[in-house]
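The structure appears below as structure tokens.
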Amino acid sequence: MSVVWAERLAGRLAGMKASEIRELLKVIERPEIISFAGGIPDPALFPHAELAAAYQRVMASNSLRSVALQYSVSEGWLPLREFICEQQNRGGLGATPDNVVVTSGSQQGLEFLGKLFIGPGDLVAVTRPTYLGALQAFAPYEPRYLSVPVDEEGVLPDALEAAFRQGPKFFYLVPDFQNPNGITTSLARRRAVIGLAQRYGVPVIEDAAYTELRYDGEHLPSLIALDADLSGPGEGFRPSHVIYAGTFSKTVAPALRVGWLTGPAEVIHKLVLMKQAGDLHSSTINQIVLTDVVRDIWPELTARLRASYRLRRDAMLAALERWFPPGTRWTHPAGGLFVWLELPESVDGTRLLERAISEVNVAFVPGAAFHADRSGANTCRLSFSMVGPDVIDEGIRRLSTLLPR
Ligand SMILES: Cc1ncc(COP(=O)(O)O)c(C=O)c1O
Numbered sequence: 494m495s496v497v498w499a500e501r502l503a504g505r506l507a508g509m510k511a512s513e514i515r516e517l518l519k520v521i522e523r524p525e526i527i528s529f530a531g532g533i534p535d536p537a538l539f540p541h542a543e544l545a546a547a548y549q550r551v552m553a554s555n556s557l558r559s560v561a562l563q564y565s566v567s568e569g570w571l572p573l574r575e576f577i578c579e580q581q582n583r584g585g586l587g588a589t590p591d592n593v594v595v596t597s598g599s600q601q602g603l604e605f606l607g608k609l610f611i612g613p614g615d616l617v618a619v620t621r622p623t624y625l626g627a628l629q630a631f632a633p634y635e636p637r638y639l640s641v642p643v644d645e646e647g648v649l650p651d652a653l654e655a656a657f658r659q660g661p662k663f664f665y666l667v668p669d670f671q672n673p674n675g676i677t678t679s680l681a682r683r684r685a686v687i688g689l690a691q692r693y694g695v696p697v698i699e700d701a702a703y704t705e706l707r708y709d710g711e712h713l714p715s716l717i718a719l720d721a722d723l724s725g726p727g728e729g730f731r732p733s734h735v736i737y738a739g740t741f742s743k744t745v746a747p748a749l750r751v752g753w754l755t756g757p758a759e760v761i762h763k764l765v766l767m768k769q770a771g772d773l774h775s776s777t778i779n780q781i782v783l784t785d786v787v788r789d790i791w792p793e794l795t796a797r798l799r800a801s802y803r804l805r806r807d808a809m810l811a812a813l814e815r816w817f818p819p820g821t822r823w824t825h826p827a828g829g830l831f832v833w834l835e836l837p838e839s840v841d842g843t844r845l846l847e848r849a850i851s852e853v854n855v856a857f858v859p860g861a862a863f864h865a866d867r868s869g870a871n872t873c874r875l876s877f878s879m880v881g882p883d884v885i886d887e888g889i890r891r892l893s894t895l896l897p898r
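Note that my numbering has the sequence shown beginning at 494, numbered continuously upward.
This is the structure we're talking about:
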């Protein structure tokens, strides 16, 4: 008797589907396509010489190589967790390595948090729009979403309070230059989010994937630092409402698969058990090499990235100004990799993508997939990270020819 695989699947898989957009975007490898779809870092900016030297150094040392190629602890390489604590403690957290677990990219951290907190039918609050990968990470745990609207300053406090009154398991957000819409949560809104988290006892998951990539203005305190601040004086690790998800994917290289979660030790302890059950630990050699590189060149590396992406962000905003018709709105991100378009209500982003690919050889990601409530049909995400400034202008010009005037 043959196996009917579809009948064997666990019920929780019902919510997991391949996206039709992925099919459409298979063409972006074609050289004639100008792609604003990716949202991935530019490989020309990877610190390849420094990485090569660090791998060589590790492999040349008998003692280091034995450790680097061996199994290691689920918490993560201690010197890396120390580096992470040093960076985060500038915000006054008082974190020790017990507050940090290294994960295989922050994506794995999000998946673990879904597993840790969400039972079937539990409420989870997210911004509208939100990071698609977070929705995918949470999906197998069968949440119901409360989609909280945002404006240019971030999430709307009244709407967030209404959501918190319904008792969600947590609130997930990307406060800096959010994927997909490039919005940054203002300082006042950050305080409001933490104030509400403290009042209602709702955990906040702060996804800081793009925080280092700021092109204008002052760095804003992280939510986890504000939580420490607003908790009043005290010793040790003070924030108790926020779990912070960080990553080296956008600053060093995504293929190393090194991210982390920072939070209260009792939560980190549970996450370490999940890490153990999931994949034992993240690659030891990658963690060691990464620690060497970030210890050596962190300020120069991040400055180089900012200088390069800033030019592309500027080129995209100038091109939109130049070519796009009235009735189209877009965000002005202070950092990150994305500009978000709001088209006239009559324009459907997915239909526009089909036409953009077949008629003008341009690709982007339609915005509906980033909405837990499936709204946002007239929105699109454009990434400027992989395209040079001249080509950005040409791509935006071509796209503009498809818009109603
Ligand atoms: C907002 C956000 N969070 C998390 C991730 C996951 O990144 P990684 O798993 O490479 O750390 C991404 C990747 O694009 C992202 O945009």
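C-beta atoms are modelled at their ideal positions from N, C-alpha and C, and glycine is treated no differently.
Source: prediction; values computed, not measured.
Please indicate yes or no: does the CB of Ala862 lie closer than 7 Å to some heavy atom of ligand 1?
no
Using DSSP bridges, identify the partner residues of Glu835.
Arg822 and Thr872
Any heavy atom of ligand 1 inside 7 Å of the beta-carbon of Ala746?
no
When the Cα of Ser679 is compared with those of Val884, Ser775 and Gly647, which residue comes out closest?
Nearest of Val884, Ser775 and Gly647 to Ser679, Cα basis: Gly647.
Given this structure, state the Cα-to-Cα distance separating Pro540 from Val560, to the nearest angstrom.
Rounded to whole angstroms, Pro540 and Val560 show a C-alpha spacing of 23 Å.
Is it true that the stretch 698-716 meets the stretch 667-683, where meeting means three or more beta-carbon pairs spaced less than 8 Å apart?
yes
Have a look at Gly587, Val751 and Gln659 and flag the residue whose alpha-carbon is nearest the alpha-carbon of Ala758.
Per the Cα distances, Gly587.
May I ask you to verify whether the stretch 848-862 touches the stretch 781-791, counting CB pairs closer than 8 Å and requiring at least 3?
no
Tell me, to the nearest whole angstrom, how far the beta carbon of Phe663 is from that of Ile698; I am working on the premise that it is less than 8 Å.
5 Å
Hey, Pro613 and Glu635: beta-carbon distance below 8 Å or not?
yes
What alpha helix (DSSP H) runs, 4 residues minimum, are completely inside the stretch 660-707?
680-693
Less than 8 Å between the CB atoms is what I'm expecting for Trp816 and Ser893, so what's the real figure, rounded?
4 Å
Skipping 5 residues on each side, what residues in its chain have a beta carbon closer than 7 Å to that of Leu518?
Ala530 and Ala856
Over the uninterrupted alpha helix (DSSP H) stretch that includes Ser556, give me the two end residues.
Asn555 to Ala561
How many Å lie between Ile885 and Glu568 at the Cα?
42 Å
Hey, Ala865 and Tyr638: beta-carbon distance below 8 Å or not?
yes
Can you list, in chain order, the residues of its chain with a C-beta nearer than 8 Å to that of Leu804? Leave out the 5 residues immediately preceding and following it.
Pro882
Mark Leu798 as exposed unless 16 or more other C-beta atoms lie within 10 angstroms of its C-beta, in which case mark it buried.
buried
Should the stretch 740-757 be regarded as contacting the stretch 590-601, the criterion being three or more beta carbon pairs within less than 8 Å?
yes
What do you reckon, are the CB atoms on Asn871 and Ile761 nearer than 8 Å?
no
Could you tell me if the beta carbon of Ala702 falls within a distance shorter than 7 Å of some heavy atom in ligand 1?
yes
Drop a sphere of 10 angstroms on the beta-carbon of Glu604, count the other beta-carbons inside from all chains shown, and report buried for 16 or more, exposed for fewer.
buried
Do Arg505 and Ser868 have their beta-carbon atoms positioned less than 8 Å apart in this structure?
For Ser868 and Arg505, no; Cβs fall outside 8 Å.
Among Ile778, Phe831 and Gly756, which one has its Cα closest to the Cα of Leu749?
Among Ile778, Phe831 and Gly756, the Cα nearest to that of Leu749 is on Ile778.
Just list the residues that DSSP pairs Ala618 with in beta bridges.
Leu639 and Phe664
Have a look at Glu852, Lys763 and Ala655 and flag the residue whose alpha-carbon is nearest the alpha-carbon of Val617.
It is Ala655 whose Cα lies nearest to the Cα of Val617.
Please confirm whether Leu653 and Leu689 have their CB atoms less than 8 Å apart.
yes
Runs of 4 residues minimum, wholly inside the stretch 723-808: which ones carry the alpha helix (DSSP H) assignment?
758-772
Quick check on the DSSP output: the alpha helix (DSSP H) that includes Thr843 runs from which residue to which?
Gly842 to Val853
Would you kindly check if the distance between the Cβ of Ser528 and the Cβ of Met809 is under 8 Å?
The Cβ-Cβ distance between Met809 and Ser528 does not fall below 8 Å.
Can you find the residues in the same chain that come closer than 7 Å, C-beta to C-beta, to Val497, ignoring five residues on each side of it along the sequence?
none
Near Thr570, what residues of its chain come up, given a Cβ to Cβ distance below 8 Å and the 5 sequence neighbours on each side ignored?
The sequence given here has Trp at residue 570, not Thr. So the list reads Val595, Thr777, Gln780, Ile781 and Thr784, once near-sequence residues are dropped.
Pop quiz: Gln601 and Gly752 are said to be a contact at Cβ under 8 Å. What is the actual Cβ separation, rounded to whole angstroms?
Rounded, the Cβ-Cβ distance is 7 Å, consistent with contact.
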